[in-house]
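A.B. asks: Numbers given in the numbering used here equal positions in the sequence shown, counted from 1, plus 737.
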Amino acid sequence: KELALEKRFDYLLIESTGISEPMPVASTFDAKDQEGRQLLGNVSVLDTCVTVIDCVNFLKDFTCADKAVDRKDLGAEEGDERTIVDLLIDQAEFANVLVLNKTDLVSSE
Numbered sequence: 738k739e740l741a742l743e744k745r746f747d748y749l750l751i752e753s754t755g756i757s758e759p760m761p762v763a764s765t766f767d768a769k770d771q772e773g774r775q776l777l778g779n780v781s782v783l784d785t786c787v788t789v790i791d792c793v794n795f796l797k798d799f800t801c802a803d804k805a806v807d808r809k810d811l812g813a814e815e816g817d818e819r820t821i822v823d824l825l826i827d828q829a830e831f832a833n834v835l836v837l838n839k840t841d842l843v844s845s846e
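1. Return the residue from the list Glu743, Phe831, Leu825 that minimises the CA-CA distance to Ile790.
2. Could you check whether Ala763 and Cys786 sit closer than 8 Å to each other, using their CB atoms as the reference points?
3. Note down the Cα distance separating Ala741 from Val780, rounded to an integer number of angstroms.
4. Nearest to Asp827 by CA position, among Ser757, Lys797, Ile751, Lys744, is which residue?
5. From the DSSP output, in three-state form, read off Lys738 for me.
6. What is the DSSP secondary structure of Leu749, counted as helix, strand or coil?
7. What does the alpha-carbon distance come out to for the pair Val782 and Val822?
8. I'd like to know whether the C-beta of Lys738 is nearer than 8 Å to at least one C-beta of chain D.
9. Could you give the DSSP three-state label for Val822: helix, strand or coil?
10. My output table needs one value for Gln771: the three-state DSSP class, helix, strand or coil.
11. Within the same chain, show all residues whose beta-carbon is closer than 8 Å to that of Leu842, passing over the 5 residues directly before and after it, in chain order.
Right under this line is the structure:
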């Protein structure tokens, strides 16, 4: 909130981790304190939600049954029951902009 009140920036980019679910991040902009006052909503607005699609791994990950905790490089906490495919769907469906990454490493087939 303090950063927004400085009025030094037109936009602020918030980058979440690769296993982040977008809804909790977005709902932060509507969060209220104990007295019902908006914490961020009165000084900021969520303008765009971008998801980066890794074209090299997307289809392979989309068809796997792995859970997020099965992939140590994702940093999921023990007990996290989410599957990789559930995360991919949540992120892609929520976004209003999809950026296709590594397109030079895949073919149209």
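Note that CB positions come from ideal geometry on N, CA and C, so glycine has one too.
All values derive from a computational prediction rather than experimental measurement.
C.D. replies: Let's see:
1. Looking up residue 790 in the sequence shown gives position 53. The residue with the shortest Cα to Cα distance from Ile790 is Leu825.
2. Looking up residue 786 in the sequence shown gives position 49. Looking up residue 763 in the sequence shown gives position 26. Against a cut-off of 8 Å, the Cβ pair of Ala763 and Cys786 comes out as a contact.
3. Within the sequence shown, the letter at position 4 stands for residue 741. Within the sequence shown, the letter at position 43 stands for residue 780. Ala741 and Val780: Cα-Cα distance of roughly 6 Å.
4. Counting from one through the sequence shown, the residue named residue 827 turns up at place 90. For the residues Ser757, Lys797, Ile751, Lys744, the minimum Cα distance to Asp827 belongs to Ser757.
5. Here residue 738 refers to the residue found at position 1 when the sequence shown is read from its first residue. Coil at Lys738, not helix or strand.
6. As a first step, residue 749 must be located in the sequence shown, where it is residue number 12. In the structure shown, Leu749 sits in coil (DSSP, three-state: anything other than H, G, I, E or B).
7. One-based indexing of the sequence shown puts residue 782 at position 45. One-based indexing of the sequence shown puts residue 822 at position 85. The alpha-carbon atoms of Val782 and Val822 are separated by roughly 29 Å.
8. Included in the structure is just one protein chain, with no chain D present.
9. As a working note, residue 822 is residue 85 in the sequence shown. Reduced to three states, the DSSP call for Val822 is helix.
10. Here residue 771 refers to the residue found at position 34 when the sequence shown is read from its first residue. DSSP places Gln771 in coil when its eight states are reduced to three.
11. Taking the sequence shown and counting its residues from 1, one reaches residue 842 at position 105. Correct list, in chain order: Cys792, Val793.
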